[in-house]
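Peer 1:
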Amino acid sequence: SGEPARPATGDSTEGSTWDRARSVVPRGVSSGHRVGWKQVFVRASGAYLWDEDGNRYTDYLNAWGPIVLGHGDRRVNEAVLAAVNTCDLTGVGPQRGEYELAEKICEVMPSAQKVAFCTSGTDAAMHAAHLARALTGRLKVLKFHGSYHGWSDHVAVGSSRSDLTPESALNTPNGAGLHPAVVGDVVVVEWNDFDGLRAAFTEHGTELSAAFAEAYVHSFGCVEAAPGFLELLRELCTRDGVVLVFDEIKTGFRAAIGGYQSICGVTPDLTAFGKAVANGYTLAGLAGSDAVMGHLGAYTAERATIDGTYNASPYALAAANKTLEIMETDDVFATLYARGARMREGIRKAVAETGVEAAVTGIGSEWCVYFRRELPTNFREAMQSDGERYARYHASLLAQGVLEPAFPTGDRRLNAATTEEDVEKTLECVRVALQAAAG
Ligand code: PLP
92 SGEPARPATG DSTEGSTWDR ARSVVPRGVS SGHRVGWKQV FVRASGAYLW
142 DEDGNRYTDY LNAWGPIVLG HGDRRVNEAV LAAVNTCDLT GVGPQRGEYE
192 LAEKICEVMP SAQKVAFCTS GTDAAMHAAH LARALTGRLK VLKFHGSYHG
242 WSDHVAVGSS RSDLTPESAL NTPNGAGLHP AVVGDVVVVE WNDFDGLRAA
292 FTEHGTELSA AFAEAYVHSF GCVEAAPGFL ELLRELCTRD GVVLVFDEIK
342 TGFRAAIGGY QSICGVTPDL TAFGKAVANG YTLAGLAGSD AVMGHLGAYT
392 AERATIDGTY NASPYALAAA NKTLEIMETD DVFATLYARG ARMREGIRKA
442 VAETGVEAAV TGIGSEWCVY FRRELPTNFR EAMQSDGERY ARYHASLLAQ
492 GVLEPAFPTG DRRLNAATTE EDVEKTLECV RVALQAAAG
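Residue numbering for the sequence shown follows my numbering, beginning at 92 and increasing consecutively.
Structure below.
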């Protein structure tokens, strides 16, 4: 293309922007997966990012989920500006954007009869845990191995640590500083392990406040529930009075406007959502049945509270209302599904042609390439994806201007500004990268 070669991932060079950042920000960044890249991105538009040297990349990271329409969507930005210029933060009373968005979510999401907003997925999962404990009077929480639900102590177990191996204990805390008593109350089950799930409910069912699940796992790539697994989870939660929480922070407004629950047909009691709802603006929330959400109150010993200066910020609400409107008026999901399907089909074909041992899967706009023969069904299997092959694949894609996650279990996604031509060009790059992976 005549463009300069793009830098690879790895430790950055001296005298760089990274050095300046590192001198004042621990590691130079404020979130884990931003480490390890040489790139410093300074411009984003539609399907593309540009680094500070002017190199263009097609973005299949999309900020780990939020960017669904495309970077810098003008219609969304104008809606945000209009909101800011009309009435910014007041901290008093309901806001029009808030009840309008809640009405819309109740219309499209099966589990939603009431909706409350907060600022991040971590927040949403934390409030879900508080609410479930307040409702049930129980302490324990069940979650699945490898699934990430943010950093609140209630769920920060059995995922995220870069030193986890397929053999690591299920209930390894995600980092230091988490409260051992809270972490000790988390019961971790292998995803798609029917017997393990039944056994966990036999042992702990009546002590569990909540069961958290990504109904379609994205924390270790793309791993669907085995037929009947979500139904079993639903049945056991109902039997033992456990609040079933779907973490739809990645799948909500991405797999479908109503979330993955509108596809799989299993309805949780509570849904945590975030990311794609506002195309990059800071918004997350909880949706649930009247019975569960009705238990949210303020400042009493009996009720759980949702509270925050920036909860339901008018900027984010304006972005979300406009994003959801565009999703419907522009038939965004038809575009996302068509491009995503073509990408998966093209990668599978390239895998077959190059003879590399790899398995490709995904849903809608998202996919994952595992460097192993079979698709994984759980975290341990996903972690057996060949890291060295993946590193070569990733480095080759990056050098060709294709931005994807830097670790072998990373899920990737396109946004609706990605053209058919972008996808075809990426598939050419994938062919080269698979050859590099083969070594
Ligand atoms: N849950 C899932 C499934 C996620 O993927 C993430 C973030 O990647 C979170 C929760 C945490 O969300 P946030 O980063 O907005 O706190």
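C-beta: ideal position from N, C-alpha, C; glycine also.
Indicate, with yes or no, if ligand 1 has a heavy atom lying under 7 Å from the CB of Asp144.
Peer 2: No; taking the cut-off as 7 Å, the Cβ of Asp144 has no heavy atom of ligand 1 nearer than that.
Peer 1: Taking 7 Å as the cut-off, is the beta-carbon of Gly212 closer than that to any non-hydrogen atom of ligand 1?
Peer 2: Gly212: yes, Cβ under 7 Å from ligand 1.
Peer 1: Quick check on Thr177: buried or exposed, where buried means 16 or more other Cβ atoms within 10 Å of its Cβ?
Peer 2: That one is exposed.
Peer 1: Cα separation between Leu518 and Ala112?
Peer 2: Rounded to whole angstroms, Leu518 to Ala112 spans 35 Å at the Cα level.
Peer 1: Could you have a look at Gly296 and say whether DSSP puts it in helix, strand or coil?
Peer 2: Helix.
Peer 1: Per DSSP, which one or two residues make a beta bridge with Arg147?
Peer 2: Paired residues: Trp141.
Peer 1: Taking DSSP as the reference, what is the three-state secondary structure of Ser136?
Peer 2: It is a strand residue.
Peer 1: What residues match up with Tyr461 in a beta bridge as DSSP calls it?
Peer 2: According to DSSP, Tyr461 bridges with Ala450.
Peer 1: If you measure from the CB of Ala154, is any heavy atom of ligand 1 nearer than 7 Å?
Peer 2: Because no heavy atom of ligand 1 lies under 7 Å away, the Cβ of Ala154 does not count as near it: no.
Peer 1: Which residue's Cα is closest to the Cα of Phe285: Ser456, Thr468, Arg433 and Thr373?
Peer 2: Of the listed residues, the one whose Cα sits closest to Phe285 is Thr468.
Peer 1: Measuring only the C-alpha atoms, how far is Phe470 from Arg229?
Peer 2: About 28 Å.
Peer 1: Among the candidates Phe424, Val277 and Leu222, whose CA atom is the shortest distance from the CA of Ala392?
Peer 2: Looking at the Cα atoms, Leu222 is the closest of the given residues.
Peer 1: Looking only at DSSP bridge pairs, what is Pro264 linked to?
Peer 2: Beta-bridge pairing links Pro264 to Val248.
Peer 1: Buried or exposed for Arg503, please, with buried defined as at least 16 other CB atoms from any protein chain shown within 10 angstroms of its CB.
Peer 2: Burial call: buried.
Peer 1: If the criterion is Cβ atoms closer than 8 Å, does the pair Val357 and Leu327 meet it?
Peer 2: For Val357 and Leu327, no; Cβs fall outside 8 Å.
Peer 1: How is Phe303 classed by DSSP in three states: helix, strand or coil?
Peer 2: If DSSP states are grouped into helix, strand and coil, Phe303 belongs with the strands.
Peer 1: Determine the extent of the alpha helix (DSSP H) in which Val171 is found, giving its start and end residues.
Peer 2: Where Val171 is concerned, the enclosing alpha helix (DSSP H) stretches over Arg165 to Thr177.
Peer 1: Looking at Tyr212: is its Cβ nearer than 8 Å to the Cβ of Ala375?
Peer 2: Per the sequence shown, residue 212 should be read as Gly rather than Tyr. Yes; because the gap between Cβ atoms is below 8 Å, this pair is in contact.
Peer 1: Which residues mark the beginning and the end of the beta strand (DSSP E) in which Val206 is found?
Peer 2: Run containing Val206: Lys205 to Cys209, per the beta strand (DSSP E) assignment.
Peer 1: Taking only three categories from DSSP, how would you classify Pro360?
Peer 2: Looking at the sequence shown, residue 360 is not Pro but Asp. Reduced to three states, the DSSP call for Asp360 is coil.
Peer 1: Is there contact here, the segment 376 to 386 with the segment 193 to 202, by at least three beta-carbon pairs under 8 Å?
Peer 2: As far as the Cβ criterion goes, the segment 376 to 386 touches the segment 193 to 202, which means the pair count is three or higher.
Peer 1: Is His236 a contact residue of ligand 1, with contact defined as CB to any heavy atom under 7 Å?
Peer 2: Outside the cutoff, so no.
Peer 1: By DSSP, does Thr162 sit in helix, in strand, or in coil?
Peer 2: In the sequence as presented, Thr is not what sits at residue 162; that position holds His. Strand at His162.
Peer 1: Can you name, in chain order, every residue of its own chain whose Cβ lies under 8 Å from the Cβ of Asn412, other than the five neighbours on each side?
Peer 2: Closer than 8 Å at Cβ, skipping near neighbours: Ala170, Gly188, Glu191, Leu192 and Lys195.
Peer 1: Taking the beta strand (DSSP E) that Ala507 belongs to, which residues open and close that run?
Peer 2: That residue, Ala507, is in no beta strand (DSSP E); it is neither H nor E in DSSP.
Peer 1: Sort out for me which residues DSSP pairs Lys234 with in a bridge.
Peer 2: Per DSSP, Val279.
Peer 1: Leaving aside the five residues before and after Glu281 along the sequence, list all residues of the same chain whose C-beta is less than 6 Å from its C-beta, in chain order.
Peer 2: Cβ within range, chain order: His236, Gly287 and Asn469.
Peer 1: Under 8 Å between the Cβ atoms of Leu505 and Gly453?
Peer 2: No, the pair does not count as a contact, with Cβ atoms beyond the cut-off.
Peer 1: Using a 10 Å radius around the Cβ and a threshold of 16 neighbouring Cβ atoms, would you call Ala272 buried or exposed?
Peer 2: Counting Cβ neighbours within 10 Å, Ala272 comes out exposed, since fewer than 16 surround it.
Peer 1: In this structure, what does DSSP give as the bridge partners for Leu377?
Peer 2: The partner list for Leu377 (beta bridge, DSSP) reads Ala207 and Ala363.
Peer 1: Taking Cβ positions, are Thr500 and Ser476 nearer each other than 8 Å?
Peer 2: Yes; because the gap between Cβ atoms is below 8 Å, this pair is in contact.
Peer 1: First and last residue of the alpha helix (DSSP H) that includes Val314?
Peer 2: Segment: none, Val314 is in no alpha helix (DSSP H) and carries neither H nor E.
Peer 1: For the pair the segment 442 to 449 and the segment 362 to 375, tell me if three or more CB-CB distances fall below 8 Å.
Peer 2: No: the two stretches stay apart, fewer than three of their Cβ pairs being nearer than 8 Å.
Peer 1: Does the distance from the C-beta atom of His245 to that of Met217 stay below 8 Å?
Peer 2: Yes.
Peer 1: Is Glu495 near ligand 1, with its Cβ less than 7 Å from a heavy atom?
Peer 2: Outside the cutoff, so no.
Peer 1: With distances taken Cα to Cα, identify the nearest neighbour of Lys234 among Glu339, Ala267, Val248 and Asp110.
Peer 2: If we check each option's Cα against that of Lys234, Val248 comes out closest.
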